[in-house]
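Taking it in order: structure first as structure tokens, then the write-up.
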Amino acid sequence: MERSVELNLDDLRVEAADLAPPPTRSPRRLPFDALSPSEFEWVVALLLSQSRSPVLHLYGRSGQAQGGLDIYEETTQGQSIAYQAKRYRNLSVPQIEEAVQLYATQLESPSTSELPAADAFVLVTSAPIDSDARKVDAIVRLRQKYRGRFDFSVWGQETLSLKLRSMPLVVEAGFGAAWAAQFCGQGAARKSRNQSQKAQRFDRAVRDLVAVQFARDNEIRFRQVDLSGVTVDSMFIDVPVKASERSAAHLLVAELSPPKPRAPGGRPRSVGAAQLLLHPKWTGNAVVVGGPGQGKTTLLQYVTQFYRARLLQKPEYLASTADLIHVTVIKRTPIKIDLPEFAEWRRSNKQTHGQDGAKGRQRRRGTLEFYLCEIIAEQSQTDFTVEDLAHFLARTPLMLALDSLDEVANARMREIVSDEIREAAARFMAAGVDVQIIVASRPGLVGRPLWRDSEFQTLLLQQLTPPLRMKYLERWTSQTRLDAREVRELRETFTKSITVPHVAELAGNPMQLAILLHLMQRRTVLPQKRTALYERYIDIFFDREAKFAIVSENRETLVAFHKLLAWRIHTAVERGESTGAVKLRDLKQVLSEYLLPRGLDSAFVEELFASVTDRVLCLVQREMDSDEFAFEVQPLREFFAAQHIYDQAPSNTPNNTRGACIGALATRPYWQNVLRFLAGNLVSGEVPGIPYALRQILEDQKFGYHPLPRDIAKLLLDDLVFSGQIEIAVGDVVDLILRGQGVYFVSDGLLTSARDGLRFGDPRAAKLAATNLRARASAADNVAELVCIAAILNGMGAPGLTEVWRARRDVTDFSLWARGAIALDDAPSLLEAPDLENRLVDLDDGRLAAMLVETINLRCHRRDLEARVLHEVMTGEVDAFVSGAVADSHNLLSLASRDALGLRQPRASSDASCAIHSTYEAHQETRLLKVRRQLCDYALTLDSRTTNDSHLDLPEYAAVWGEDCWPLRSQILSVAIVRERPVSQNGRIRRGSSTTELSRWFAEARAYGGELQWWVLEAEHIANDDSLSAMTYVCSAFSFATNSVLRWNQRSLERSLAVLSDGQFATIANVIRRVSRESPLARDLNVTITVNAGSSPSRLAVLLWIAGNTRTRDHVGAHMTSNLVAFWPYDGAIRQALLEFLASTRDVLPVELFRDSRGSVPDGTLSTRNVAKLLMGEAEEILRRPDEWPADLTRLAAERIGTRLAGQAPVSEIAASNGWGI
């Protein structure tokens, strides 16, 4: 039999069937029986083509009448569906089974399959299905049979009729106009045809814009010397990216980058930003954050060009060319917007329409949707309204690529633009349209940055890896006119030079790598510093242009003019008066005004511009056929602006020295790259003034707590600005970064230059930083500081703090020292502490003593220490502050039993955690060691060990402990949950009860779960000092009591909870979490809280949150905040409950609730979504004492202080008032 071949929709086209008009008005079903097989297949193909799925393939037999039509579809959600369409007048159950069996067989033999493997298989037929119960039952059985392999369904004439009711044009094409009018409604076909024509008009308008942007974005922005007409496709390399923790992007990065086999430390492979954004599993919006020249704009160019090429059916931008795998099949329409242009449009639009009436109408005119409509209308030369855009988006997935947010220099306008992006994303989401927004920006601590918004995932561009640098070399050489020998020599030079540290540092950035390659090609000495790299490139550029006499004779003047023009444009952008470009006539005028005092007239200008096409020296035409020119990339403009400041600063007053200029620029993030170039120009004697200028900012009351000056110091170290300075000067800069709050800022990622760890290009700086940090650790007075320092050293690859901290063992408060040793995971240091048992006995905190004994498996030979530790265990206190405690206090029966009770090995196991407690001589064995050994032996007799094990021997278990205690009660509760016992009298839970009495009481509690009066009376028997009874009562209530009893017994529960210590409360929370998730009696707990006069239900609210359903959580959440601060020290179930509450709450919480929660709140938990806007005083307090606050809040505080930066005068005003000579 001839295999099926892929067909086009037109291959199936047939004339509409010549059918008689419907016999009745509004018929329920369409007459599929009257269609021929080819007519039926045409209707099915048209129906599925309306889905606008990104992939739809039709398969049939070539050259013969269709014996059935196969269709393969991939939806926008990534699901694949295989359809098989055949016209049957009647379809029997065996025929349905045969069709499904045949498809399943083909899946097992792909070489013989007519269709690609799919997630679902749909049999489409003209026969009736839904009205026949036997067929419906057969379909249900088949779905169950093939569940897990593929989903299965059948579309009969009933389903087809229902789907076609809203498709009058398809009905008209298949059944004729009369049937379309009666079945779909009079005029439905005409209306649908009008809508289709409108849709085609919308598609053409947007397609015109896409085509224009494809041509505009096809060439790389940085038009290097000797390279012209180079496309993004030919030069693109996928820059590695790091995603923010706890985000969907982070999980996708982890999936795409498994650790390399045998790689040191199991480091994952890098994942490129384009690979991530174009992956089928990518969803949502993103902010791409990268430094100058790091490839943000090129990335947006590539991603949008990838989609444009597919829409325009261009052969370029194949995934394989860029080494991408698993790219999306969705045909997303990309539109790229330069945000500085949008900001300028918004400003001018507001001025134009500011007096036209309603404020809401004026606001709507400034939205991204209106701007989109304007640029679409401009390029398509047709009207295009917001309503048209809504219709277009309802049918078509869109990508909005928003470039250069950081180039919106005015801080207030940048904030407005950011808010508009947020609001647009919310509007698109509310409308249910498929719109992805990708924003590109430089990093910076500014007010309300998008990369802190929960609706935007943050992608941080990383340094190029060595393989990517080699790949860029290959692509760069392929675009040059070098012959084979020159390419070989360049490759050899590159391979040799890239091992030199300062060259390797410069080559991590795509733009700087391009300049390096150009310098290598010309065999020039490679510079060591970033500023020198740009200087060398500009020299080479003007050397090339010197072939024109007018350039060679006036080179110095033209270079100086570039500096002046860069200064003017950069300051105009900051003032909101420019988007970074200058019109050709204005450019000529500025040049004329500059040259006239220097003896050159207008004739010189005309001669210079006589042959202008798309470039005037370092300025390039912004767009095709445009009269606007700009520096080809922003870093070049910033380089020339820095040169202008350096040349002009007269240094005749304290306010106009170059150091003073650096101080002024340091508090303005927009000028940060200019500052870096300026610092790179300073001579050796001027460089030591930089730390002085930055330290003055740290001492400033307005900006002193902002991390910006520390960040600049780190950037300048990376730029090797201090490479020629003595070690004391370098150490001064390192100290400026780390002093005071610096270690917290580095650890919390507030330094944009150290978000991936504190690493230095200068080896001396790295050595000095390690020395500084170890000295800081030797004087640390809190564990939070020690943890930060240890994390920083680990990121630097420097030796840890073990030896430093051990040296403090005898001179530091033992409690602090012990907690520090645990934080550093240094159990051997604890075990070696002299006189350790005496120190543990003297500790005020019994829980810490117990935790330390458990941590190091100490042999407790002192009876008083053993008694103290056993008391903590037996009263249920021990797990209150134990990090990582399992969610079942039964598994903390003793200080060693956590290991023992988790063992699943047979008795002959040599597991070390068992052996360590079972090999002591009998005469050495204290009671604590005996408990450990017996529990280990007991655990090893069980085939498996869970808290729900109904085969536990309670008498034997009780004999291990010897008396009433919480571990024993916990075990009896576990048995009561899984084993129902007959109810008998004389059960009780007061302290000292026997195992039999306790078992009887649990049986009663289970039997009387719905009897409110029983629970009230039992609570009255609990003494105020009987915490064991209170723990038992509360745990039993949450295990056995009904929803109604829990709701109306809240007073008794609150009274019992008030009896418990913090440790005991943590213990029962863990038990209740286990019961609510694992118990065979677990139920849908739906309880609301009734607040009684004078009560504080926060503890009860936490337990209800742990055990309750969504409705319960919605109600009790408000009560959890009343005592939130008290819960931060807890681990286990309480910590998890708090984090779940923070992730789901719709309330905005006061910041004071999070004091002393550092180390308790993971990164990414808090944001402006769930934390009230910080007052300026609160932000200062957080940055003053970051050891008390979680990292999320230190970042929010830095951003809040950063809003002060927006209120400063523009640099042009500072320069004028301070006499910079510019």
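Residues in the sequence shown are numbered from 1 upward in steps of one, following my numbering.
Ideal Cβ placement from N, Cα and C applies to all residues, glycine included.
Query raised in the report: Any idea if Leu1183 is buried or exposed, counting beta-carbon neighbours within 10 angstroms, 16 or more meaning buried?
Result: Buried, because 16 or more other Cβ atoms sit within 10 Å of the Cβ of Leu1183.
Does the Cβ of Gln462 have 16 or more other Cβ atoms within 10 Å, making it buried, or fewer, making it exposed?
Classified as buried, Gln462 has 16 or more neighbouring CB atoms from the shown chains inside 10 Å of its CB.
At which residues does the beta strand (DSSP E) containing Asp151 begin and terminate? Run containing Asp151: Asp151 to Trp155, per the beta strand (DSSP E) assignment.
For this session: Take the Cβ of Ala709 as the centre, count every other Cβ of all protein chains shown within 10 Å, and call the residue buried at 16 or more, exposed below.
Result: It should be noted that the sequence gives Pro, not Ala, for residue 709. Looking at its Cβ environment, which holds 16 or more other Cβ atoms inside 10 Å, Pro709 is buried.
Answer yes or no: do Leu678 and Ala729 have a C-beta to C-beta separation smaller than 8 Å?
When the beta-carbon positions are compared, Leu678 and Ala729 stay at least 8 Å from each other.
| message | Checking the sheet assignment: what are the DSSP bridge partners for Tyr83? | response | According to DSSP, Tyr83 bridges with Ile71 and Val122.
Tell me which residue opens and which closes the alpha helix (DSSP H) that Ala823 is part of.
Note, Ala823: alpha helix (DSSP H), Phe814 to Ala823.
- Query: Closest by CA to Thr75, which one among Thr328, Ala1133 and Lys86?
  - Reply: Among Thr328, Ala1133 and Lys86, the Cα nearest to that of Thr75 is on Thr328.
Hey, quick one: how far does the alpha helix (DSSP H) through Lys714 stretch, first residue to last?
Leu708 to Asp718 is the extent of the alpha helix (DSSP H) around Lys714.
Inset, instruction - Given a cut-off of 8 Å, decide if Leu252 and Leu278 are closer than it, judged by their beta-carbon atoms. - result: No. Outside cutoff.
Check whether the Cβ atoms of Gln294 and Arg668 lie closer than 8 Å to each other.
Result no, Cβ atoms of Gln294 and Arg668 do not sit closer than 8 Å.
Check your understanding: Can Val288 and Ile438 be called in contact, C-beta distance under 8 Å?
Key -> Yes, these two residues count as a Cβ contact at 8 Å.
Could you work out which residue in Ser1076, Thr480 and Ala777 is closest to Thr802 when comparing CA atoms only? Closest in C-alpha terms to Thr802, from the list Ser1076, Thr480 and Ala777, comes Ala777.
**Study point:** Beta-carbon spacing of Ser257, Gln457 below 8 Å
**Key:** No Cβ-Cβ contact shorter than 8 Å links Ser257 with Gln457.
Handout entry: Inter-residue spacing [alpha-carbon to alpha-carbon] between Tyr302 and Glu545
Key = Put simply, the backbone Cα of Tyr302 is about 31 Å away from that of Glu545.
Is Thr581 helix, strand or coil when you go by DSSP? Note that residue 581 corresponds to Ala in the displayed sequence, not to Thr. For Ala581, the three-state secondary structure derived from DSSP is coil.
Fill in: Per-residue burial, Gln79 [other beta carbons within 10 Å of its own, 16 or more giving buried]
With fewer than 16 other Cβ atoms within 10 Å, it is exposed.
- prompt: What is the rounded straight-line gap between the Cα of Gly576 and the Cα of Ala603?
  reply: Cα to Cα, Gly576 sits roughly 33 Å from Ala603.
Pro334 and Gln182: beta carbons closer than 8 Å? For Pro334 and Gln182, no; Cβs fall outside 8 Å.
Subject >> Within-8 Å CB hit, Ala181 to chain C >> reply: Included in the structure is just one protein chain, with no chain C present.
Between Ile538 and Ser1144, what straight-line distance do the alpha-carbon atoms span, to the nearest angstrom?
Near 54 Å, if we compare the C-alpha coordinates of Ser1144 and Ile538.
Handout entry: Coil, strand or helix - Pro240 by DSSP
Key = Strand at Pro240.
task = Please report the residue range of the alpha helix (DSSP H) in which Leu1053 lies.
result = Membership of Leu1053 in the alpha helix (DSSP H) is indicated by the continuous run Gln1050 to Val1059.
* Asked: Grouping DSSP H, G and I as helix and E and B as strand, with all else coil, what is His57?
  -> His57: strand per DSSP, three-state reduction.
So, using beta-carbon positions, are Ala1069 and Val1016 closer together than 8 Å? Between Ala1069 and Val1016, the CB-CB gap reaches or exceeds 8 Å.
Ends of the beta strand (DSSP E) at Thr458? Unbroken beta strand (DSSP E) run through Thr458: Phe456 to Leu461.
Could you give the distance in angstroms between the alpha-carbon of Glu699 and the alpha-carbon of Leu736?
Glu699 and Leu736 have their C-alpha atoms some 12 Å from each other.
Check: Is it buried or exposed for Ala254, if we count other Cβ within 10 angstroms and need 16 for buried?
Finding: That one is exposed.
- Query: Are the stretch 386-396 and the stretch 425-439 in contact at 8 Å, needing three or more beta carbon pairs?
  - Reply: Segments in contact, yes.
Alpha carbon to alpha carbon, how far is Ala484 from Leu389? Give it in angstroms, no decimals.
-> Cα to Cα, Leu389 sits roughly 52 Å from Ala484.
Q. In terms of residues, what are the limits of the alpha helix (DSSP H) holding Met982?
A. Met is not the amino acid found at residue 982; the sequence shown has Pro there. Where Pro982 is concerned, there is no enclosing alpha helix (DSSP H), given that its DSSP letter is neither H nor E.
task = Note down, in chain order, each residue of its chain lying with its Cβ closer than 6 Å to the Cβ of Trp567, except the 5 sequence neighbours on either side.
result = So the qualifying residues of the chain are Ala641 and His644.
Next on the checklist: If distances are taken between C-alpha atoms only, which option among Glu492, Ala1003, Ser993 and Leu162 comes closest to Ser974?
Outcome noted: Closest option to Ser974, judged by alpha-carbon separation, among Glu492, Ala1003, Ser993 and Leu162: Ala1003.
**Asked** Would the beta-carbon of Gly176 fall within 8 Å of that of Ala16?
**Response** A contact, by the Cβ cut-off of 8 Å.
Legend entry - Stretch pair the stretch 92-104 + the stretch 50-59: three plus CB contacts closer than 8 Å: No: the two stretches stay apart, fewer than three of their Cβ pairs being nearer than 8 Å.
Exercise. Considering only the beta carbon of each residue, do Ile129 and Glu98 sit closer than 8 Å?
Worked result: No. Outside cutoff.
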